[in-house]
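Report on one structure; see the data block that follows.
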Amino acid sequence: MVKKTAFEGSVEYWQVLDESGKADKKLETKLDDAELKRMYGHMVLCRLFDRKAVSLQRQGRMYTYAPLEGQEASQVGAMHALAQEDVVFPTYRDHGSYLVRGAPLENLFEYWMGYEEGLKMPAGVNVFPLSITVGNHLPMAAGMAWSMKLRKRPLMSMVCFGDGATSEGDFHEAFNFSSVHKTPLVLLCQNNHWAISVPLKKQMASETVAQKALSYGAWGVQVDGNDVLAVYSAVKEARRRALAGDGPSLVECLTYRMSMHTTADDPKKYRSDAEVDEWKKRDPLARFEAYLASRKLWTPQYKADVEADATARIEAAVKTAEAFSAQPEAMFDFVFEKRPPSLQAQRDAFVKGE
Amino acid sequence: MSEKTLIAAINEAMCQEMERDPTVLVMGEDVGLDGGVFRATDGLQGKFGTNRSIDTPLAESAIVGTAIGMAAGGLRPVAEIQFAGFILPGFNQLINHAARLRMRSQGQFTCPLVVRAPCSGGIRALEHHSESPEALYAHVPGLKVVVPSTPFDAKGLLVQSIREPDPVIFLEPSKYYRAFKQDVPDELYAIPLGQGEVRIEGTDLTLVTWGSMVRPAMQAAADSGKSVEVIDLRSISPWDKEMVLNSVRKTGRLVIAHEAPLSGGFGAEIAATVAQEAMYDLKGPILRVGAYDVPFPLARREDFYIPSPQRIGKAIQTACEG
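In structure tokens form, the structure reads like this:
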């Protein structure tokens, strides 16, 4: 009888900025001042966009919305590590990912105000339509990566998802396909600890999401998801591996959904204020501000200026979105490239009010 | 007897069946501690514990698949899928397995399973939250499909669905969850599947509908100036063919209204059956009203997409002229 260890593995945890914003000198990124300030600007924009969206929903000016507060560093850090031609597959909570990719603010508002037109991105944003159903976009992202490999384009695709999505078969199937065929895919898990009311420990029995990568012969890393520089570094490394032909990587960002699942949800029903307060102390913006201040890049006045700029952009976008109107018959557009006769007849009857 | 909303009636049906039969349990995403995103299972975990009101991980295929296994193992699971549009990862389990288990094991294993899901639009929800997929399931031999439209029916039909020996897809119009109240008996009662209900009696025309379209259809009937007989099918599979045929034999005219897209909708099955079995009783063509053959739109356009009482009314007038 032979008994020996058939497999051994471990996953690392990365943190560049500690909770007070102090950088680990060995891990500190080489980002220049301008890039750091751009990151900060995006994080502020994400947060203010998000708060505005919640407020619009509460005023009845927008429909159900999924807030991102708490996940700014995960989204902004990851997106800054990509090339603009890479393709991103976001979820319904990735407003920040959309914004960093260059999605016009008014598009996001229009979509959440109930217009399909908001989904139409300008050329070069390279974002797939957000996934509302959980985890379904992972195989498509793996396929997009596959197309890049087969067409010999030096690019990758990134798929964003949460801890809940790791329970779906699509997560495992996509990861397996991608690792078998070595497609340039980065799986970015924003582990925000809650899938609506279901806490992480009821979602999975494994200690980390990142270790699931080992099952697929892939590289996985767990990072402090409220540390924008840790997320950036991990995704940078994952991207390097993807382009080197090493296949997929899994980056688990440990973060927290500070707000409700959607505006239709009441988290007080299932989680304690104490837990939320604990995570408030790890606020991704405050931490990054402390780091920027230590590099003499940030002052309260600078913050006020960045916020004023973001607010002006947001207010202008809300104005544009609220003035947006489109004909109801647009619902017959984009079903097919060319409408079949039966659908054309339905559209004609609709326009005539029949 | 007391006044209850549709969601309260559904909650009561599950609660009382769980009290009556210790093999009945509820399971799904957020059904336990949270009591369901629409609160359908509110209070059940407190009353029956975590083994009978189970929060599952987020995976519809596994929810349906494990529920099939539990049912085959002697339990009576009521699996909640958060929205009808989310069932699709579990579609394979339902069609290839739940629906066929009895035959594939020659009666050795059975699947007394209920899959509940909110359906249909009108609540300004996000994508994939508003579909009316009853025809997909009605097309599958071995599945029963129920779509209640009132609190009274919801309770009685859900109780019966839980007691059924075969799998039932139970689609609940989310728009009606809290839209109105109705007197509902506090005690248990069951309504047999496959029996329609005449909501309004009439002699000029038969209007067959179900689920979310029942109230617009009744509105259209009331506004039409005609004597319209409105039939709420309540079950799509099996459906009450005799009730529809008897009504058409009386009125000679038939309009069918459903919220699902027109083409391939269950209205086509009813129209074909009536054309075949009551052709010579018809005074004019059978008309169908359904949503347009486009994906369910976002909130701003849903009122244009969902058949309105006016659209149903036009069909009533056209049919009566024919």
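Those protein sequence lines, which keep their order, are chains Y and P. Start counting the first sequence at 0; every next residue gets the next number (numbering that gives the first Met the number 0). Start counting the second sequence at 0; every next residue gets the next number (numbering that gives the first Met the number 0). Ideal placement from N, C-alpha and C gives every residue a C-beta, glycine not left out.
Candidates the options: closest to residue i by CA position
i, options, result
"E126 (chain P)", "Y:A194, Y:P121, Y:T132, Y:S166", "Y:T132"
"D223 (chain Y)", "Y:C188, Y:T182, Y:H79", "Y:C188"
"L247 (chain Y)", "Y:F287, Y:F88, Y:S156, Y:P339", "Sequence check: residue 247 (chain Y) is Pro here, not Leu. Selected option, being the one with the closest Cα: Y:S156."
"Q14 (chain Y)", "Y:Y269, Y:K201, Y:V230", "Y:V230"
"I53 (chain P)", "P:K249, P:M0, P:G34, P:M26", "P:M26"
"Y114 (chain Y)", "P:Q92, P:C118, P:R123, P:G251", "P:R123"
"G161 (chain Y)", "Y:F88, Y:E34, Y:A33", "Y:F88"
"K225 (chain P)", "P:I190, P:V23, P:P76, P:T317", "P:T317"
"L67 (chain Y)", "Y:V350, Y:M259, Y:G219", "Y:M259"
"G72 (chain P)", "P:T49, P:T22, P:K46", "P:T22"
"K36 (chain Y)", "Y:E7, Y:Q221, Y:A292, Y:A344", "Y:A292"
"Q83 (chain Y)", "Y:R92, Y:G101, Y:Q74, Y:A140", "Y:G101"
"A66 (chain P)", "P:Q92, P:G45, P:L261", "P:Q92"
"G134 (chain Y)", "P:V114, P:S60, P:A134, P:T205", "P:S60"
"R299 (chain P)", "Y:D23, Y:Y110, Y:D31", "Y:Y110"
"S234 (chain P)", "P:M102, P:T49, P:G42, P:A137", "P:A137"
"S9 (chain Y)", "Y:A72, Y:F127, Y:A212, Y:P340", "Y:A212"
"F265 (chain P)", "P:V63, P:P237, P:S223", "P:P237"
"D165 (chain P)", "P:L74, P:K3, P:K240, P:G84", "P:L74"
"A140 (chain Y)", "Y:P103, Y:T90, Y:L107", "Y:T90"
"V275 (chain Y)", "Y:W193, Y:H94, Y:M0, Y:G40", "Y:W193"
"E34 (chain Y)", "Y:H79, Y:D264, Y:G69", "Y:H79"
"L87 (chain P)", "Y:Y62, Y:D169, Y:V158, Y:E251", "Y:D169"
Whole-number beta carbon distance between residue j and residue i, since they are thought to touch under 8 Å
i, j, result
"G76 (chain Y)", "V227 (chain Y)", "4 Å"
"F37 (chain P)", "S246 (chain P)", "Actually they do not touch by this definition, with Cβ atoms about 33 Å apart."
"I94 (chain P)", "V167 (chain P)", "Contact flag wrong, Cβ pair sits at about 14 Å."
"G120 (chain P)", "E301 (chain P)", "5 Å"
"E276 (chain P)", "L244 (chain P)", "6 Å"
"T208 (chain P)", "V229 (chain P)", "7 Å"
"D32 (chain Y)", "L249 (chain Y)", "So it is not a contact: roughly 31 Å between Cβ atoms."
Amino acids of chain Y, ordered along the chain, whose beta-carbon sits closer than 7 Å to that of residue i
i, result
"L297 (chain P)", "G113, Y114, E115"
"E241 (chain P)", "Correct list: empty, because the minimum Cβ distance to chain Y is about 32 Å."
"E320 (chain P)", "Neighbours of E320 (chain P) on chain Y: none; closest Cβ ~14 Å, over 7 Å."
"L32 (chain P)", "S196, Y269"
"V25 (chain P)", "What V25 (chain P) touches in chain Y: nothing, since even the nearest Cβ is about 14 Å away."
"E79 (chain P)", "Those do not exist, as E79 (chain P) stays about 13 Å from chain Y at its closest Cβ, beyond 7 Å."
"E171 (chain P)", "What E171 (chain P) touches in chain Y: nothing, since even the nearest Cβ is about 17 Å away."
Beta-carbon neighbours of residue i, restricted to chain Y and to distances below 8 Å
i, result
"S262 (chain P)", "S341"
"R123 (chain P)", "Y62, T63, G113"
"V326 (chain P)", "There is simply no residue 326 (chain P) to check, as chain P begins at 0 and stops at 321 in what is shown."
"V113 (chain P)", "The contacting residues do not exist; V113 (chain P) stays about 21 Å from chain Y at best."
"E130 (chain P)", "By Cβ distance, chain Y contributes nothing, its closest Cβ being about 12 Å from E130 (chain P), past 8 Å."
"V36 (chain P)", "I195, A263, D264"
Neighbour list for residue i in chain Y, Cβ cutoff strictly below 9 Å
i, result
"A134 (chain P)", "Going along chain Y, no residue has its Cβ under 9 Å from A134 (chain P), so there is no contact; the nearest lies around 17 Å."
"D222 (chain P)", "Residues of chain Y passing the Cβ test: none, with the nearest at roughly 17 Å."
Partners in chain P for residue i, counting only beta-carbon separations shorter than 7 Å
i, result
"P327 (chain Y)", "R300, F303"
"Q362 (chain Y)", "Since the first residue of chain Y shown is 0 and the last is 353, residue 362 (chain Y) is not available in this structure."
"T132 (chain Y)", "F85, H127"
"A52 (chain Y)", "Here the premise fails: no neighbours, minimum Cβ distance about 13 Å."
"Q14 (chain Y)", "Chain P residues near Q14 (chain Y): none, gap ~28 Å exceeds 7 Å."
"G163 (chain Y)", "L57"
"Q345 (chain Y)", "Y291, D292"
Interface partners of residue i on chain P, CB under 8 Å
i, result
"Q202 (chain Y)", "P56, L57"
"S166 (chain Y)", "P56, L57, A58, A61"
"F349 (chain Y)", "Y291, F303"
Chain-ordered chain P contacts of residue i [CB-CB under 9 Å]
i, result
"V227 (chain Y)", "Ordered by position in chain P, no residue passes the 9 Å Cβ test against V227 (chain Y), which lies about 27 Å from the chain."
"Q70 (chain Y)", "Within chain P, no residue comes near Q70 (chain Y); the closest Cβ sits about 18 Å away, beyond 9 Å."
**Positions along the segment 86-104 of chain P whose CB lies within less than 9 Å of some CB in chain Y** = L87, P88
**Request:** Identify every run of the alpha helix (DSSP H) within the segment 204-241 of chain P, keeping only runs that are complete inside it and at least 4 residues long; order them along the chain.
**Result:** 213-222
**Request:** Taking only beta carbons into account, state which residues of the segment 256-274 of chain Y come closer than 7 Å to chain P, listed in chain order.
**Result:** K268, Y269
**Prompt:** Mind listing which residues of the segment 138-159 of chain Y have their C-beta closer than 7 Å to chain P's C-betas, in chain order?
**Reply:** none
**Message:** Suppose only complete runs of 4+ residues qualify. What are the alpha helix (DSSP H) ranges in the segment 267-310 of chain Y, listed by chain order?
**Reply:** 272-279, 283-293
**Request:** Mind checking the segment 54-69 of chain P against chain Y and listing, in chain order, the residues whose C-beta falls within less than 9 Å of any C-beta there?
**Result:** D54, T55, P56, L57, A58, E59, S60, A61
**Item:** chain Y contacts from the segment 266-296 of chain P (Cβ-Cβ distance under 8 Å)
**Value:** Y291, D292, V293, P294, P296
**Prompt:** What beta strand (DSSP E) runs, 3 residues minimum, are completely inside the segment 25-103 of chain Y?
**Reply:** 86-88
**Item:** beta strand (DSSP E) runs contained entirely in the segment 113-186 of chain Y, provided each spans 3 or more residues
**Value:** 156-161
**Request:** Check each residue of the segment 80-98 of chain Y: if its Cβ is closer than 9 Å to any Cβ of chain P, include it; give the result in chain order.
**Result:** Y91
**Message:** For a minimum of 4 consecutive residues, which ranges assigned as the alpha helix (DSSP H) are wholly contained in the segment 66-141 of chain P?
**Reply:** 100-103, 133-137
**Asked** What residues in the segment 306-334 of chain Y have a beta carbon less than 7 Å from any beta carbon of chain P?
**Response** P327, M330, F331, V334
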